[in-house]
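So the sequences go chain by chain: A, B and C.
Residue numbering for the first sequence follows numbering that gives the first Met the number 0, starting at 0 and increasing by one per position.
Residue numbering for the second sequence follows numbering that gives the first Met the number 0, starting at 0 and increasing by one per position.
Residue numbering for the third sequence follows numbering that gives the first Met the number 0, starting at 0 and increasing by one per position.
No residue lacks a Cβ here, since even glycine has one placed at the ideal position from N, Cα and C.
None of the values given here were measured: they were computed from a predicted structure.
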Amino acid sequence: MKPPIINFSTLQSAIEIAATLAFALSGLLAGARKHLDMVGLCIVAGLSAFGGGTLRDVLLDRRPFFWVEHADWLWALMGLSFAAMLFLRRRHLALTEKAIQWPDALGLGLFTANGALLALQTGQPAIVAVLMGVITATFGGVLRDIVCNEIPAAFHDHRPYALCSFAGAWMLVAAVRLEAPEWVAISAAAATAVALRALALWRGWTLPAWRINKR
Amino acid sequence: MKPPIINFSTLQSAIEIAATLAFALSGLLAGARKHLDMVGLCIVAGLSAFGGGTLRDVLLDRRPFFWVEHADWLWALMGLSFAAMLFLRRRHLALTEKAIQWPDALGLGLFTANGALLALQTGQPAIVAVLMGVITATFGGVLRDIVCNEIPAAFHDHRPYALCSFAGAWMLVAAVRLEAPEWVAISAAAATAVALRALALWRGWTLPAWRINKR
Amino acid sequence: MKPPIINFSTLQSAIEIAATLAFALSGLLAGARKHLDMVGLCIVAGLSAFGGGTLRDVLLDRRPFFWVEHADWLWALMGLSFAAMLFLRRRHLALTEKAIQWPDALGLGLFTANGALLALQTGQPAIVAVLMGVITATFGGVLRDIVCNEIPAAFHDHRPYALCSFAGAWMLVAAVRLEAPEWVAISAAAATAVALRALALWRGWTLPAWRINKR
């Protein structure tokens with residue numbers, strides 16, 4: 000069976016673009032809430048979009064970073080930041096936040112799968128590859144929250160986010176172990192994370208609280 | 000004189016395990032105070048345990064990290080986090096905090112000594128090796144506090160902690176200069192840091208305050 | 000025309016020393032406001048002075064760091080921290096803050112120019128080199144504010160700082176493209192950033208606010 004390379008990678012690119020914009024927008028919204036200035040908004044948008052992958056690459060000692068190889072993205076992010084500053088008003092905030100949940104969930108899945116696959120290909124053990132997948136998908140948001148002087152939402156809001164990424168990353172490891180073709184492994188892993196995230200959002204799942212914090 | 004290699008390295012391993020668990024527990028307690036969820040607790044435990052050594056390795060450009068070479072530790076940390084969530088109750092908090100002071104002090108000594116020795120072996124100047132020893136021993140806690148949205152306790156609580164590590168690291172540099180065998184250098188350095196830390200805890204020593212902050 | 004190498008590099012060194020001390024002092028003042036202890040003050044001074052260049056070098060995968068090659072600076076910073084603790088009093092704070100604005104502005108210019116040039120020389124695309132210049136000049140302050148548990152002033156105070164660095168870095172890229180000699184490129188870039196920063200301070204310029212945050 001021939002893998003549907005062109006269609007798959009076109010689809011993948013489209014999802015990546017949508018997801019990266021969603022990540023950047025989440026940074027812009029967080030920055031707006033903290034009254035950041037123009038400079039801060041651009042940087043937080045960039046951190047949200049590329050921070051996770053960059054941290055993964057620093058840990059794996061890989062170069063060049065995505066945003067060095069595709070430096071046009073830095074222009075795109077600046078453009079997005081300015082457009083948001085020009086056109087986004089307070090009345091759009093709630094809507095924007097709702098609208099980016101879905102590309103954000105897609106990004107969670109796809110970046111998890113890509114990050115974990117990349118770590119496996121550089122010979123990391125399974126658990127490390129899983130961790131790299133989770134870092135790729137979630138640490139942009141973590142860095143965004145640290146810069147905005149908040150406890151990272153991914154560690155604090157008791158909603159499954161990194162956990163969906165964790166499950167998806169294991170699916171990738173399993174698929175690679177079973178010698179599935181690359182596009183199958185990525186699709187299965189991303190679909191797992193996205194489906195879990197969608198379910199969690201839809202059903203309002205929360206993580207169990209540590210009873211130490213109960214009365 | 001034959002160095003007592005086997006006994007020393009067994010002892011060293013035992014201390015390292017106890018100290019790593021103590022560092023991880025300090026992360027769990029800090030996370031509990033901030034009401035982190037399951038994911039946050041695991042990550043903060045991991046940052047506290049391995050953040051210092053990882054930052055040192057990033058700065059020295061060393062790979063693989065400890066937790067990549069010994070990936071089982073990642074499982075152990077997740078296990079510890081779940082066990083803590085299952086069994087630790089509010090009434091155990093004060094006791095746990097007191098109990099981990101001692102393995103934590105041992106870790107302060109041992110990780111300082113190992114970190115500084117490693118930096119010396121890669122040819123760093125003495126003051127840089129000392130700094131790497133201090134970073135190895137204390138920056139896990141620093142990263143823990145940054146993620147928990149606190150000013151790092153090591154910079155703020157006016158109790159000697161990094162300073163004990165600093166003294167121990169200089170002892171290591173001195174011992175290496177005097178061509179002491181490795182196990183003697185490590186023992187002397189770790190003992191210096193641990194003894195100072197124990198004295199500081201026992202006598203309630205505080206660092207002098209900057210008079211700029213006095214009335 | 001012979002480039003005035005000796006004079007230029009002597010001047011450059013003198014400016015770098017003054018600017019590094021100004022960056023370190025900004026860290027000490029921020030630390031004093033947060034009541035850091037001796038250890039915290041030394042570390043925050045070091046982060047402010049060397050954090051930006053170190054982050055750039057980690058991203059570009061360059062070694063050794065400035066403070067490893069010139070380890071004497073670590074002693075100098077410790078000396079500065081102790082001197083500040085001994086001699087600086089509350090009544091000197093406002094004056095010190097005012098006095099360091101000017102060497103700080105010079106450092107903004109010079110570190111931008113050097114950081115961007117260095118990135119160009121390692122073959123980065125123009126926009127990445129500009130970003131590296133901005134990171135070199137401003138991320139010491141960003142790390143200082145993160146450790147002090149504040150939203151970074153460079154992202155939040157609506158005063159042109161990173162933006163002056165951004166303009167200076169583009170001037171450097173332009174000068175290099177026009178094949179200007181290195182010292183001309185550095186001087187033009189640094190002068191651009193410094194002049195803009197001085198104008199901004201003098202005229203009290205502020206960045207436009209995002210209207211999302213207006214009533």
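Neighbouring residues, chain C, relative to residue i (Cβ below 7 Å)
i                 : result
Ala190 of chain A : Within 7 Å Cβ-Cβ: nothing; Ala190 of chain A doesn't reach chain C, min ~33 Å.
Leu117 of chain B : Correct list: empty, because the minimum Cβ distance to chain C is about 14 Å.
Ala161 of chain B : Val38
Coarse secondary structure for residue i, derived from DSSP in three states
i                 : result
Lys33 of chain C  : coil
Leu87 of chain A  : coil
Asn215 of chain B : It is not possible to answer for residue 215 of chain B, since the shown part of chain B is limited to 0 through 214.
Phe64 of chain C  : coil
Leu54 of chain A  : helix
Thr205 of chain B : coil
His157 of chain C : coil
Glu15 of chain A  : helix
Leu198 of chain B : helix
Leu226 of chain B : No statement about residue 226 of chain B is possible, as the shown extent of chain B runs from 0 to 214 and does not include it.
Glu178 of chain A : coil
Asn6 of chain A   : helix
Met0 of chain C   : Only weak support exists for where Met0 of chain C lies, its pLDDT of 49 falling under 50; the coordinates are left without a value.
Ser186 of chain C : helix
Arg214 of chain A : Here Arg214 of chain A scores only 45 on pLDDT, less than 50, and its place in the model is too uncertain to base an answer on.
Within chain B, partners of residue i - CB distance below 8 Å
i                 : result
Arg143 of chain C : Result: empty, since nearest Cβ-Cβ is about 11 Å, beyond 8 Å.
Pro124 of chain A : Val67, Ala70
Ala23 of chain A  : Residues of chain B passing the Cβ test: none, with the nearest at roughly 22 Å.
CB contact flag (residue i, residue j, <9 Å)
i                 : j                 : result
Ile145 of chain A : Gly39 of chain B  : no
Cys147 of chain B : Arg32 of chain B  : yes
Gly106 of chain B : Ala168 of chain B : no
Ile189 of chain A : Val175 of chain A : Note that residue 189 of chain A is Ala in the sequence shown, not Ile. Not in contact: Ala189 of chain A and Val175 of chain A (Cβ atoms no closer than 9 Å).
Gly45 of chain A  : Leu76 of chain A  : yes
Pro159 of chain A : Trp204 of chain A : yes
Gly225 of chain A : Val141 of chain A : Look at the range of chain A in this structure, 0 to 214, and you will see that residue 225 of chain A is not part of it.
Leu109 of chain A : Ala18 of chain A  : yes
Ala118 of chain B : Leu177 of chain B : no
Leu27 of chain C  : Leu87 of chain C  : yes
His157 of chain A : Asp56 of chain B  : no
Val98 of chain B  : Ala192 of chain B : In the sequence under discussion, the amino acid at residue 98 of chain B is Ala, which differs from the Val named in the question. Not closer than 9 Å, so no.
Val129 of chain B : Phe165 of chain B : yes
Val127 of chain C : Trp182 of chain A : no
Leu171 of chain C : Gly139 of chain C : no
Pro124 of chain A : Ala48 of chain B  : no
Ala112 of chain B : Thr137 of chain B : no
Ile134 of chain B : Leu20 of chain B  : no
Where residue i meets chain C, residues with beta-carbon distance less than 9 Å
i                 : result
Pro180 of chain B : Chain C residues near Pro180 of chain B: none, gap ~26 Å exceeds 9 Å.
Lys33 of chain A  : Ile150, Phe154, His155
Val175 of chain A : What Val175 of chain A touches in chain C: nothing, since even the nearest Cβ is about 28 Å away.
Contact set between residue i and chain B, taken where Cβ atoms lie within less than 7 Å
i                : result
Phe49 of chain A : Those within 7 Å of Phe49 of chain A in chain B number zero; the least Cβ separation is about 18 Å.
Within chain A, the residues that residue i reaches when beta carbons sit closer than 8 Å
i                 : result
Met170 of chain B : Those within 8 Å of Met170 of chain B in chain A number zero; the least Cβ separation is about 32 Å.
Asp60 of chain C  : Asp60, Arg62
Val193 of chain B : Residues of chain A passing the Cβ test: none, with the nearest at roughly 30 Å.
Residue i: contacting residues in chain B (beta-carbon distance under 9 Å)
i                 : result
Pro207 of chain A : Asp36, Met37, Met84
Ile14 of chain C  : Near Ile14 of chain C there are no residues of chain B at all, since even the closest Cβ is about 25 Å away, more than 9 Å.
Residues that residue i contacts on chain A, provided the C-beta gap is smaller than 7 Å
i                 : result
Ile242 of chain B : Summary: the structure shown does not reach residue 242 of chain B, with chain B confined to residues 0 through 214, and so no result is reported for it.
Cross-chain neighbours of residue i in chain A, by beta carbon under 9 Å
i                : result
Ile99 of chain B : By Cβ distance, chain A contributes nothing, its closest Cβ being about 15 Å from Ile99 of chain B, past 9 Å.
Val57 of chain C : Val57
Contact list for residue i against chain C, beta-carbon separation under 8 Å
i                 : result
Leu73 of chain A  : Ile126, Val127, Leu130
Ile134 of chain A : Per Cβ cutoff of 8 Å: no residues; Ile134 of chain A is ~16 Å from chain C at best.
is_contact[residue i, chain F] using C-beta, thresh 9 Å
i                : result
Gly30 of chain A : In summary, chain F is missing from the structure at hand, where the protein chains are A, B and C.
TODO: Give, in chain order, every unbroken run of the beta strand (DSSP E) that is at least 3 residues long and sits entirely within the region 117-144 of chain B.
DONE: none
TODO: Any chance you could list the alpha helix (DSSP H) runs of at least 4 consecutive residues sitting entirely within the region 67-112 of chain B, in chain order?
DONE: 71-86
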